[in-house]
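Reviewing the structure listed below.
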Amino acid sequence: MAQTNSVGQGTNGVADESPNMIVYRKMEDFIARMQDDKNGIPIRTVKSFLSKIPSVFSGSDIVQWMIKNLNVEDQVEALHLGTLMAAHGYFFPISDHVLTLKDDGTFYRFQTPYFWPSNCWEPENTDYAVYLCKRTMQNKARLELADYEAESLARLQRAFARKWEFIFMQAEAQAKVDKKRDKIERKILDSQERAFWDVHRPVPGCVNTTEVDIKKSSRMKNPHKTRKVHFSLPYGLSSSQSVSLTLYANTCLLCFQITFWQVQLDRHRLKMSKVAESLLAYTEQYIEYDPFLTPSDPSNPWISDDNAIWELEASKEPGQQRVKRWAFGIDEVLKDPIGREQFLKFLESEFSSENLRFWLAVQELKKRPIREVPSRVQEIWQEFLASGAPSAINVDSKSYAKTTQNVKDPGRYAFEDAQEHIYKLMKSDSYSRFIRSSAYQELLQAKKKVKRHSLTHHGSYGSTATSAIRYHIISDLLSCLCHFPCSSSHKSGVLQQRRASCDKFTRAMVTAHAVGVV
23 MAQTNSVGQG TNGVADESPN MIVYRKMEDF IARMQDDKNG IPIRTVKSFL
73 SKIPSVFSGS DIVQWMIKNL NVEDQVEALH LGTLMAAHGY FFPISDHVLT
123 LKDDGTFYRF QTPYFWPSNC WEPENTDYAV YLCKRTMQNK ARLELADYEA
173 ESLARLQRAF ARKWEFIFMQ AEAQAKVDKK RDKIERKILD SQERAFWDVH
223 RPVPGCVNTT EVDIKKSSRM KNPHKTRKVH FSLPYGLSSS QSVSLTLYAN
273 TCLLCFQITF WQVQLDRHRL KMSKVAESLL AYTEQYIEYD PFLTPSDPSN
323 PWISDDNAIW ELEASKEPGQ QRVKRWAFGI DEVLKDPIGR EQFLKFLESE
373 FSSENLRFWL AVQELKKRPI REVPSRVQEI WQEFLASGAP SAINVDSKSY
423 AKTTQNVKDP GRYAFEDAQE HIYKLMKSDS YSRFIRSSAY QELLQAKKKV
473 KRHSLTHHGS YGSTATSAIR YHIISDLLSC LCHFPCSSSH KSGVLQQRRA
523 SCDKFTRAMV TAHAVGVV
């Protein structure tokens with residue numbers, strides 16, 4: 023079994039000064055009151071068919087006792103306090119590895135003081151390996167290893183392969199000692215030992231309450247020096263008045279610290295688990311648009327012979343995958359030229375296109391040369407915000423007042439507040455209606471077939487797509503002519519290569535005649 027930290031045995035050692043020790047002492051006071059013979063939680067032995075469950079109590083008993091004997095306002099607070107105590111291992115469910123409190127008939131058992139975290143346990147991996155190995159030797163259903171425990175045992179067996187025989191001997195010796203104990207005593211001790219390891223080697227996804235916060239530990243070892251207020255006493259000020267002034271200064275300092283910590287508490291912080299979930303969701307959403315992870319459709323013409331993507335771009339018809347991306351958010355629509363065009367058409371049908379036109383005009387203003395900015399600012403003002411503007415937009419009074427002030431000294435960001443207001447308005451109203459509109463649904467349900475240009479249309483070489491096709495055909499002709507096999511060795515291979523080259527040459531010539539290259 024694991025050994026306690028030698029420092030933790032002293033009453034005035036470093037362990038008593040650790041940040042968690044204050045919490046442990048408070049919890050142990052509650053546990054002592056819970057185990058009181060008169061006013062504590064009733065502990066009983068539950069009899070069932072062919073078995074007995076000794077020294078247990080239900081989760082509802084704990085909640086009711088806390089509401090009655092502690093300064094607890096409601097059931098939610100009692101459950102929270104009980105869950106914290108269970109997570110630290112002071113009591114535990116007898117049939118679950120997750121240390122939490124439930125307000126139902128789930129049976130719980132108190133942990134023996136020997137296994138309390140205040141004893142400063144620092145169990146090593148070898149101790150955990152001995153415990154898991156001992157569990158495998160006892161052929162009982164209640165001692166079967168969970169999935170994560172079996173994985174831990176396999177990992178430890180690989181890590182301690184050289185001294186695994188010694189670990190196995192220790193586990194075997196402990197198993198023999200356990201067999202000599204009374205049946206009820208052995209059952210209680212097995213559950214308490216399991217709960218001990220559930221605290222120090224918790225289930226994946228549960229918090230390890232034995233870890234010491236490095237910030238708290240650092241503050242305990244190197245406490246900050248208290249800031250003192252130094253000032254000289256004015257002439258003629260008595261000592262009593264100076265003491266009052268010192269108290270006033272200290273009071274102001276404490277008020278400042280309280281305000282500072284209140285601001286820190288109000289700061290929005292995200293848990294790492296939430297951040298990871300957000301990153302995973304973003305990755306899963308955009309994985310089909312990453313050409314490194316998912317092959318593009320149609321394929322890249324620079325690495326394949328398929329030039330369908332060029333024809334698709336020339337036709338200005340968005341593919342289904344591209345249209346599907348517009349539903350991710352309004353930013354996807356605004357940064358896509360075709361998306362902006364379709365969104366503008368939809369807004370024109372609803373007679374509210376001035377919002378998008380204003381937003382685009384402000385975006386274009388930010389890219390203008392500095393000498394053109396003042397005149398462009400006045401044009402935007404006269405078109406969208408001035409009194410009697412032909413395309414007046416609806417902004418709130420605060421944004422309008424700020425924009426009016428900014429226009430007096432025109433700059434690239436004079437319309438920043440009004441643009442943000444219009445953006446939020448489109449995001450909450452126009453964009454959602456656009457995604458639900460029949461026009462968007464028709465684009466989304468459109469077939470992904472690429473409309474190829476008619477190859478029978480002759481004309482100048484000004485068309486980019488036609489020029490690309492002709493260049494591709496001529497390249498095929500040249501490759502056929504230049505690489506025609508002429509070696510005299512390996513006659514059978516030469517004949518096959520000649521036949522393949524002739525077939526390729528024939529297909530290229532037929533296509534060339536169709537286009538009109540030759």
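Numbering (my numbering), first residue to last: 23 to 540.
Just so you know, even glycine gets a beta-carbon here, dropped at the ideal spot from N, CA and C.
Nothing here was measured: the structure is a model prediction, and the numbers come from that model.
For Ile116, name the three-state secondary structure that DSSP assigns.
Walking along the sequence shown from the start, residue 116 turns up at place 94. The answer is coil: DSSP assigns Ile116 none of H, G, I, E or B.
Less than 7 Å between the C-beta atoms of Asp312 and Pro320, yes or no?
Position 290 of the sequence shown, counted from the first residue, corresponds to residue 312. Position 298 of the sequence shown, counted from the first residue, corresponds to residue 320. Not in contact: Asp312 and Pro320 (Cβ atoms no closer than 7 Å).
Would you decide whether Lys247 is buried or exposed? Buried here means 16 or more other CB atoms lie within 10 Å of its CB.
As a first step, residue 247 must be located in the sequence shown, where it is residue number 225. Residue confidence is low: Lys247 scores 47 on pLDDT, short of 50, so the model does not pin down where it sits. Its coordinate-derived value is still stated next. Burial call: exposed.
Mind checking whether Trp381 and Ile444 have CB atoms under 7 Å apart?
Counting from 1 along the sequence shown, the entry for residue 381 is found at position 359. Counting from 1 along the sequence shown, the entry for residue 444 is found at position 422. It is a contact, given that the beta carbons lie within the stated cut-off.
How many angstroms separate the CA atom of Lys205 from the CA atom of Ala183?
Start at 1 with the first residue of the sequence shown, and residue 205 comes out as number 183. Start at 1 with the first residue of the sequence shown, and residue 183 comes out as number 161. Spanning the two alpha carbons is a distance of roughly 34 Å.
Can you tell which of Leu387, Val234, Ser419 and Leu466 has its C-alpha closest to the C-alpha of Pro432?
Residue 432 sits at position 410 when you count from the first residue of the sequence shown. The option with the nearest alpha carbon to Pro432 is Leu387.
Does the region 364-380 come close enough to the region 401-419 that 3 or more CB-CB pairs lie under 8 Å?
yes
Report buried or exposed for Trp87, applying the criterion of at least 16 other Cβ atoms within 10 angstroms of its Cβ.
Taking the sequence shown and counting its residues from 1, one reaches residue 87 at position 65. Result: buried.
Could you check how far apart the C-beta atoms of Leu72 and Val85 are, in whole angstroms? I think they sit under 8 Å.
Within the sequence shown, numbered from 1, the residue matching residue 72 stands at position 50. Within the sequence shown, numbered from 1, the residue matching residue 85 stands at position 63. Contact between Leu72 and Val85 is absent: CB atoms are separated by about 30 Å, not below the 8 Å threshold.
Is it right to say Leu167 is buried, meaning 16 or more other beta carbons lie within 10 angstroms of its own, or is it exposed?
Within the sequence shown, residue 167 is the residue found at index 145, counting from 1. Exposed is the call here.
Please name the residue in Tyr46, Gln57, Asp125 and Ile63 whose C-alpha comes closest to that of Ser82.
Walking along the sequence shown from the start, residue 82 turns up at place 60. With respect to the C-alpha of Ser82, the residue from Tyr46, Gln57, Asp125 and Ile63 having the closest C-alpha is Asp125.
What are the complete alpha helix (DSSP H) segments, minimum 4 residues, inside the region 400-470?
The region 400-470 is shown to contain whole alpha helix (DSSP H) runs of 4 or more residues at 419-429, 438-447, 453-458 and 460-467, in chain order.
Could you check the C-alpha separation between Ala217 and Asp200 for me, to the nearest Å?
Taking the sequence shown and counting its residues from 1, one reaches residue 217 at position 195. Taking the sequence shown and counting its residues from 1, one reaches residue 200 at position 178. Looking at the two C-alpha atoms, the distance is approximately 17 Å.
State the DSSP-derived secondary structure class of Lys209, mapped to helix, strand or coil.
The residue labelled residue 209 in the question sits at position 187 within the sequence shown. In this structure, Lys209 counts as helix in the three-state DSSP scheme.
Identify the continuous alpha helix (DSSP H) that holds Pro359 and give its terminal residues.
Position 337 of the sequence shown, counted from the start, is the residue given in the question as residue 359. Counted as a single uninterrupted DSSP element, the alpha helix (DSSP H) harbouring Pro359 occupies residues Pro359 to Ser371.
For the ligand FAD, any of its heavy atoms closer than 6 Å to the Cβ of Arg390?
As far as ligands go, the structure on display features none, and thus does not contain the ligand FAD.
Count the other CB atoms, across all protein chains shown, that sit within 10 Å of the CB of Ile280; report buried if there are 16 or more and exposed otherwise.
Looking up residue 280 in the sequence shown gives position 258. The residue is exposed, with fewer than 16 neighbouring Cβ atoms inside 10 Å.
Am I right that Ile116 and Phe129 are in contact with their C-beta atoms under 8 Å? What's the rounded C-beta distance?
As a position in the sequence shown, residue 116 is number 94, starting the count at 1. As a position in the sequence shown, residue 129 is number 107, starting the count at 1. About 5 Å separates the two Cβ atoms, so the contact holds.
Given Thr231, which residues of its chain have a CB within under 7 Å of its CB, disregarding the five upstream and five downstream residues?
Residue 231 sits at position 209 when you count from the first residue of the sequence shown. If the five residues before and after Thr231 are omitted, its C-beta is found closer than 7 Å to the C-beta atoms of Ala109, His110 and Val221, all from its own chain and listed in chain order.
Given this structure, state the Cα-to-Cα distance separating Ile63 from Thr122, to the nearest angstrom.
Start at 1 with the first residue of the sequence shown, and residue 63 comes out as number 41. Start at 1 with the first residue of the sequence shown, and residue 122 comes out as number 100. Using only the alpha carbons, I get a separation of about 18 Å.
Looking at the structure shown, is Asn42 part of a helix, part of a strand, or coil, going by DSSP?
Here residue 42 corresponds to residue number 20 of the sequence shown, with the count starting at 1. Three-state DSSP puts Asn42 in coil, outside helix and strand.
Could you check the C-alpha separation between Pro76 and Gln57 for me, to the nearest Å?
Counting from one through the sequence shown, the residue named residue 76 turns up at place 54. Counting from one through the sequence shown, the residue named residue 57 turns up at place 35. About 15 Å.
Would you kindly work out how many angstroms separate the C-alpha atoms of Asp59 and Gln307, rounded to a whole number?
The sequence position of residue 59 within the sequence shown is 37, counting from 1. The sequence position of residue 307 within the sequence shown is 285, counting from 1. Answer to the nearest angstrom: the Cα atoms are 59 Å apart.
Have a look at Leu92 and Thr105 and give me their C-alpha separation to the nearest angstrom.
Residue mapping note: residue 92 aligns to position 70 of the sequence shown, counting from 1. Residue mapping note: residue 105 aligns to position 83 of the sequence shown, counting from 1. For the pair Leu92 and Thr105, the Cα-to-Cα distance works out to about 15 Å.
Beta-carbon within less than 8 Å of Tyr153's beta-carbon, same chain only, minus the 5 sequence neighbours each way: which residues are those?
Your numbering for residue 153 matches position 131 in the sequence shown. If the five residues before and after Tyr153 are omitted, its C-beta is found closer than 8 Å to the C-beta atoms of Met23, Ala193, Glu215 and Trp219, all from its own chain and listed in chain order.
Give the secondary structure of Pro396 by DSSP, where H, G and I count as helix, E and B as strand, and everything else as coil.
Taking the sequence shown and counting its residues from 1, one reaches residue 396 at position 374. Note: Pro396 maps to helix in three-state DSSP.
Alpha carbon to alpha carbon, what distance is there between Gly351 and Lys90?
For the purposes of this step, residue 90 is identified with residue 68 of the sequence shown, where counting begins at 1. For the purposes of this step, residue 351 is identified with residue 329 of the sequence shown, where counting begins at 1. Each residue's alpha carbon lies about 52 Å from the other.
Between Val120 and the rest of its own chain, which residues show a CB-CB distance below 7 Å, the 5 nearest in sequence each way excluded?
Working through the sequence shown from its first residue, we reach residue 120 at position 98. Same-chain partners within the cutoff: Val225 and Cys228.
Could you check what DSSP says for Asp288 in three-state terms: helix, strand or coil?
Translated into positions along the sequence shown, residue 288 becomes position 266. Of the three classes helix, strand and coil, the one that applies to Asp288 here is helix, per DSSP.
Go through the region 171-215 residue by residue and report every complete run of the beta strand (DSSP E) that reaches 3 residues or more, in order.
none
On a CA-only basis, which of Ala151, Leu178, Met49 and Val78 is nearest Ser140? Give me that one, please.
Within the sequence shown, residue 140 is the residue found at index 118, counting from 1. Per the C-alpha coordinates, the member of Ala151, Leu178, Met49 and Val78 positioned closest to Ser140 is Met49.
Determine which residues share a DSSP beta bridge with Ile63 and list them.
Position 41 of the sequence shown, counted from the first residue, corresponds to residue 63. Answer by DSSP bridge pairing: none, since Ile63 is not bridged.
Along the chain, where does the beta strand (DSSP E) containing Lys74 start, and where does it finish?
Within the sequence shown, numbered from 1, the residue matching residue 74 stands at position 52. Note, Lys74: beta strand (DSSP E), Ser73 to Ser80.
In or out: Leu356 buried (at least 16 other Cβ within 10 Å) or exposed?
Within the sequence shown, residue 356 is the residue found at index 334, counting from 1. It is buried - the Cβ of Leu356 has at least 16 other Cβ atoms within 10 Å.
Could you give the DSSP three-state label for Ser70: helix, strand or coil?
As a working mapping, residue 70 is identified with position 48 in the sequence shown. The answer is strand: DSSP assigns Ser70 an E or B state.
Can you give the beta carbon distance from Val345 to Leu465, rounded, assuming they're within the 8 Å contact cut?
Counted from its first residue, the sequence shown places residue 345 at position 323. Counted from its first residue, the sequence shown places residue 465 at position 443. Indeed they touch by this definition, with Cβ atoms about 5 Å apart.
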